[in-house]
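Engineer: Just so you know, the protein sequences line up as chains A and B, in that order.
To convert, note that position 82 of the first sequence is 490 in the working numbering; the numbers rise steadily by one, no gaps.
To convert, note that position 201 of the second sequence is 219 in the working numbering; the numbers rise steadily by one, no gaps.
Every residue, glycine too, gets a C-beta built ideally from N, C-alpha and C.
Note that the structure is a prediction, hence the values are computed from the model and not measured.
If you scroll down you'll find the structure; I have some questions about it.
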Amino acid sequence: MHELYRSVFEPGFFASAQVHVAASIGAAVAIVSAVTGVFTVMRGQSFAGHALGDVSAAGGSGALLIGLSPVAGFVGLGIAGAAVMDMIGVSRLRGRDLATGIVLGAAIGLSALFLFLGTTTSATTGATQQILFGSIFTTTSSTIEAVVILGAIAVGSIAAIWRPLLLSTVSLDIAVARGVRVRLVGLLYMLALAVSVGLSSLAIGAILSTALLIGPAAAALRLTKTVTWALAVSCVIGVLATWLGILLAYDSYYWGSAHQSLPVSFFIVGLIFATYLASGLPAARAVSRRRAPALAQAADRDQVAA
Amino acid sequence: MAGHSSLAAVTPGILDVNQVCVTLAGRQILDDVSFTVHAGEFTGLIGPNGAGKTTLLRVILGLQRPASGQVTVLGRPRSVRHQSIGYVPQKLLLDPDMPMRARDLVELGIDGHRYGMRLRSRQRGGAVRAMLHAVDADRFAGARVGNLSGGEQQRVLIAHALISGPRLLLLDEPLANLDLRSGQEIISLLARIAREQQIAVLLSAHEMNPLLPVMDRVVYLAGGRAASGTTDEVVRPEVLSALYGHHVDVLHVHGRVLVVVGPADEAPLAAHPAMQAAACPPAEAG
């Protein structure tokens, strides 16, 4: 029994300060991503979420260059990017991809410049890896506070616009007719999304932040019938995948003889992907069960028509 | 139903559309449109595609500002309009991936425009159940809306629009995606609701025959111009010919009405004297 325990939790896992910081930040980030992610998937704005990740990358690398904290860079430029996307027309269905694509392209260009300057002027060779693929194990405990406060602001904003956001997600036309200020609601949602993506850039990297945003939410939406349940399930999937990913990354140090930890982002994203695939199984069964009587009915109708 | 129009003249309407003109991108979409809709009445907004039906509904909802003319709902212009109008937009197909049951969507109709979250309460649950019952949607109250058929979704959307207690219900082409039987069921449901709850129903459609049994009044739109009254008053060759600006035949076949518009190359008719008052400002060059 003890052997099994030791093989799952390698020595020092629970005592490691790094693990504590990573687990705290990971959980906070997973919850914020899950909450905004459910709306992102329902609104079909995954592409905007991904683009904000690239904007965060530019922010993070810019912060590195001028010596700011990466969180400030990730979130700060993310918010600016969200505002620009909203201005160009992310709220209009037709202008959405265009606005997103333009901002995304500019952001990646900036990242390339900042990372080049940052890594050539100072000798921080690991910076590119950290910005793009996450730095959850190298983040200091002083960052936890900032992450929790920013996360609470994002979740609080979503709660504040909960009902009009839901209504405008169901139908923009109905929401406008009911007097909802859809522009304002859309902008607040985009800002919450920018904060959430910025935080997850810190945890699993700017490039991979979309995975934490979209994956748990998409899986939860397949498994649940109400938005509230989707939110709860999405949070659970996100937090568990993050924690398990941290554990696996920690353990991976002991796996081979090379004694090198594999990147935590790889494990988190891998677990989320596996969960998403698995969530399709009950959904697929339900569809085939539903489809059978529906087809029979359709056949009946055709006969009547003939 | 002939008595309705004389009654209409004295009682103020729930909806008054008065000499409304709309110009979009230099094109005249609505040209001096006037009509009144009363409580408990079922009004059909009939016209071919592109006649301006959706634009007119948008003007009534306050989403499109008319170039001239006014719309008043319950005697008041704009201000509190969204509280007194229930709206079912056209071609709304709900996403099957949206985790929302029929009863959740109806509940969102109570106060979905308010900020913040709201916990479920017994009172709200009761109101939602009663509304779902009123539109015959009890049996799929717990199903995901995106998985329901077109007719079932229409019922849920009607319940969503009605639960906040509007006096006017606007429906934009609700029959467009429905098979004949579901369409008839929706129409008789709406006619019943209009009478029982004294709500004015204004429903747009490009085909009037399904509406003939229940329609109290018709607003016929063609080329941006409108004629309104009872079906017998409006659906006549001389009225419709004047509206279309071409010779129009109205054929009655097996209880159905067919409107046959003459070929476009025929010489256009002179406008009907009743419609000659050009109340619209000239359209700006576009």
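(1) For residue 690(A), is the classification buried or exposed, using 16 other Cβ atoms within 10 angstroms of its Cβ as the cut-off for buried?
(2) How many Å lie between residue 39(B) and residue 673(A) at the Cα?
(3) Sort out for me which residues DSSP pairs residue 448(A) with in a bridge.
(4) Tell me whether residue 420(A) is buried or exposed, calling it buried when 16 or more other Cβ atoms sit within 10 Å of its Cβ.
(5) Under 8 Å Cβ-Cβ, which residues of chain B neighbour residue 572(A)?
(6) Kindly say whether residue 154(B), judged by its beta-carbon, lies nearer than 9 Å to any beta-carbon of chain A.
(7) Please list, in chain order, all residues of the same chain as residue 232(B) whose beta carbon is under 7 Å from its beta carbon, the five residues on each side excluded.
(8) Residues in its own chain within less than 8 Å of residue 413(A) by CB, not counting five upstream and five downstream?
(9) Give the secondary structure of residue 156(B) by DSSP, where H, G and I count as helix, E and B as strand, and everything else as coil.
(10) With distance defined between alpha-carbon atoms, name the residue in 557(A), 633(A), 670(A), 603(A) nearest to residue 432(A).
(11) Please list, in chain order, the residues of the segment 646 to 671 of chain A that have any C-beta partner in chain B closer than 9 Å.
(12) Given a cut-off of 9 Å, decide if residue 465(A) and residue 609(A) are closer than it, judged by their beta-carbon atoms.
(13) Report the neighbours of residue 618(A) on chain B: residues whose CB is nearer than 8 Å to its CB, in chain order.
(14) Using a Cβ cut-off of 8 Å, pull out every chain B residue sitting near residue 715(A), in sequence order please.
(15) Can you check whether the C-beta of residue 567(A) is within less than 9 Å of a C-beta belonging to chain B?
(16) From residue 487(A) to residue 181(B), what distance separates their C-alpha atoms?
(17) Can you tell me which residues form a DSSP beta bridge with residue 88(B)?
(18) Work out the CA separation of residue 92(B) and residue 152(B) for me, nearest whole Å.
(19) Please state the DSSP three-state secondary structure of residue 547(A).
(20) Would a C-beta distance cut-off of 9 Å place residue 155(B) and residue 177(B) closer than the cut-off?
(21) Run through DSSP, which three-state label would residue 417(A) get?
(22) List the residues of chain A whose Cβ lies closer than 9 Å to the Cβ of residue 196(B), in chain order.
(23) Can you confirm whether residue 505(A), when its beta carbon is compared against all beta carbons of chain B, has any partner nearer than 9 Å?
(24) Mind checking if residue 178(B) is an interface residue toward chain A, Cβ cutoff 9 Å exclusive?
(25) Around the C-beta of residue 570(A), are 16 or more other C-beta atoms found within 10 angstroms, so that it is buried, or is it exposed?
(26) Run through DSSP, which three-state label would residue 269(B) get?
(27) In whole angstroms, give me the CA-to-CA distance for residue 445(A) and residue 157(B).
(28) Tell me whether residue 50(B) sits in a helix, a strand or coil according to DSSP, three-state version.
(29) Assuming the contact rule is C-beta atoms closer than 8 Å, residue 54(B) and residue 33(B) should be a hit. Round their C-beta distance to whole Å, please.
(30) Along the chain, where does the beta strand (DSSP E) containing residue 589(A) start, and where does it finish?
(31) Using the beta-carbon count (16 or more within 10 Å), is residue 683(A) buried or exposed?
(32) By the 7 Å beta-carbon criterion, what residues does the segment 598 to 631 of chain A contribute toward chain B?
(33) Could you tell me which of 516(A), 451(A), 529(A), 634(A) sits nearest to residue 540(A), measuring between CA atoms?
(34) Out of curiosity, what's the CA-to-CA distance linking residue 58(B) and residue 212(B)?
(35) Starting from residue 132(B), trace the alpha helix (DSSP H) in both directions and tell me its first and last residue.
(36) Assuming residue 85(B) and residue 41(B) form a contact by the criterion Cβ under 8 Å, report the distance between their Cβ atoms to the nearest whole angstrom.
Structural biologist: Checking against the coordinates, here is how it stands:
(1) Within the first sequence, residue 690(A) is the residue found at index 282, counting from 1. Counting Cβ neighbours within 10 Å, residue 690(A) comes out exposed, since fewer than 16 surround it.
(2) Within the second sequence, the letter at position 21 stands for residue 39(B). Within the first sequence, the letter at position 265 stands for residue 673(A). Going from the Cα of residue 39(B) to the Cα of residue 673(A) covers about 60 Å.
(3) Residue mapping note: residue 448(A) aligns to position 40 of the first sequence, counting from 1. Answer is none; residue 448(A) lacks a bridge partner.
(4) Position 12 of the first sequence, counting from 1, holds the residue named residue 420(A). Exposed, since its Cβ has fewer than 16 Cβ neighbours within 10 Å.
(5) As a working note, residue 572(A) is residue 164 in the first sequence. Chain B residues near residue 572(A): 130, 131, 132, 133.
(6) As a working note, residue 154(B) is residue 136 in the second sequence. No, because no Cβ of chain A sits closer than 9 Å to the Cβ of residue 154(B).
(7) Counting from 1 along the second sequence, the entry for residue 232(B) is found at position 214. Excluding sequence neighbours, residue 232(B) sits near 60, 205, 206, 209.
(8) Counting from one through the first sequence, the residue named residue 413(A) turns up at place 5. Answer for residue 413(A): no residue qualifies.
(9) One-based indexing of the second sequence puts residue 156(B) at position 138. The answer is helix: DSSP assigns residue 156(B) an H, G or I state.
(10) Position 24 of the first sequence, counted from the start, is the residue given in the question as residue 432(A). It is 557(A) whose Cα lies nearest to the Cα of residue 432(A).
(11) none
(12) Mapped onto the first sequence, residue 609(A) falls at position 201. Mapped onto the first sequence, residue 465(A) falls at position 57. Closer than 9 Å, so yes.
(13) Looking up residue 618(A) in the first sequence gives position 210. Simply none; closest approach about 18 Å.
(14) In the structure displayed, chain A extends from 409 to 714; residue 715(A) sits before or after that span and is not available.
(15) One-based indexing of the first sequence puts residue 567(A) at position 159. So yes, residue 567(A) belongs to the interface.
(16) For the purposes of this step, residue 487(A) is identified with residue 79 of the first sequence, where counting begins at 1. For the purposes of this step, residue 181(B) is identified with residue 163 of the second sequence, where counting begins at 1. Spanning the two alpha carbons is a distance of roughly 38 Å.
(17) Your numbering for residue 88(B) matches position 70 in the second sequence. 36(B), per the DSSP bridge assignment.
(18) Position 134 of the second sequence, counted from the start, is the residue given in the question as residue 152(B). Position 74 of the second sequence, counted from the start, is the residue given in the question as residue 92(B). Answer to the nearest angstrom: the Cα atoms are 24 Å apart.
(19) Counted from its first residue, the first sequence places residue 547(A) at position 139. Of the three classes helix, strand and coil, the one that applies to residue 547(A) here is coil, per DSSP.
(20) Counted from its first residue, the second sequence places residue 155(B) at position 137. Counted from its first residue, the second sequence places residue 177(B) at position 159. Their beta carbons are under 9 Å apart, which means residue 155(B) touches residue 177(B) by this criterion.
(21) Start at 1 with the first residue of the first sequence, and residue 417(A) comes out as number 9. Residue 417(A) falls in the coil class under three-state DSSP.
(22) Position 178 of the second sequence, counted from the start, is the residue given in the question as residue 196(B). Going along chain A, no residue has its Cβ under 9 Å from residue 196(B), so there is no contact; the nearest lies around 13 Å.
(23) Residue 505(A) sits at position 97 when you count from the first residue of the first sequence. Cβ-Cβ to chain B under 9 Å: no for residue 505(A).
(24) Counting from one through the second sequence, the residue named residue 178(B) turns up at place 160. Output row for residue 178(B): interface = yes.
(25) In the first sequence, residue 570(A) corresponds to position 162, counting from 1. Buried.
(26) For the purposes of this step, residue 269(B) is taken as the residue at position 251 of the second sequence. If DSSP states are grouped into helix, strand and coil, residue 269(B) belongs with the strands.
(27) In the first sequence, residue 445(A) corresponds to position 37, counting from 1. In the second sequence, residue 157(B) corresponds to position 139, counting from 1. Rounded to whole angstroms, residue 445(A) to residue 157(B) spans 32 Å at the Cα level.
(28) Counting from one through the second sequence, the residue named residue 50(B) turns up at place 32. Reduced to three states, the DSSP call for residue 50(B) is strand.
(29) The sequence position of residue 54(B) within the second sequence is 36, counting from 1. The sequence position of residue 33(B) within the second sequence is 15, counting from 1. With a Cβ gap of about 7 Å, residue 54(B) and residue 33(B) count as contacting.
(30) As a working note, residue 589(A) is residue 181 in the first sequence. Counting along the chain, residue 589(A) falls outside any beta strand (DSSP E), and DSSP gives it neither H nor E.
(31) Locating residue 683(A) in the first sequence gives position 275, where the first residue counts as 1. Result: buried.
(32) 629
(33) As a first step, residue 540(A) is located in the first sequence; it is residue number 132 there, counting from the start. If we check each option's Cα against that of residue 540(A), 516(A) comes out closest.
(34) Locating residue 58(B) in the second sequence gives position 40, counting from the first residue. Locating residue 212(B) in the second sequence gives position 194, counting from the first residue. Roughly 5 Å separates the two Cα atoms.
(35) Indexing the second sequence from 1 puts residue 132(B) at position 114. Here residue 132(B) belongs to no alpha helix (DSSP H), and DSSP marks it neither H nor E.
(36) As a first step, residue 85(B) is located in the second sequence; it is residue number 67 there, counting from the start. As a first step, residue 41(B) is located in the second sequence; it is residue number 23 there, counting from the start. Right, the Cβ-Cβ distance comes to about 5 Å (below 8 Å), so this counts as a contact.
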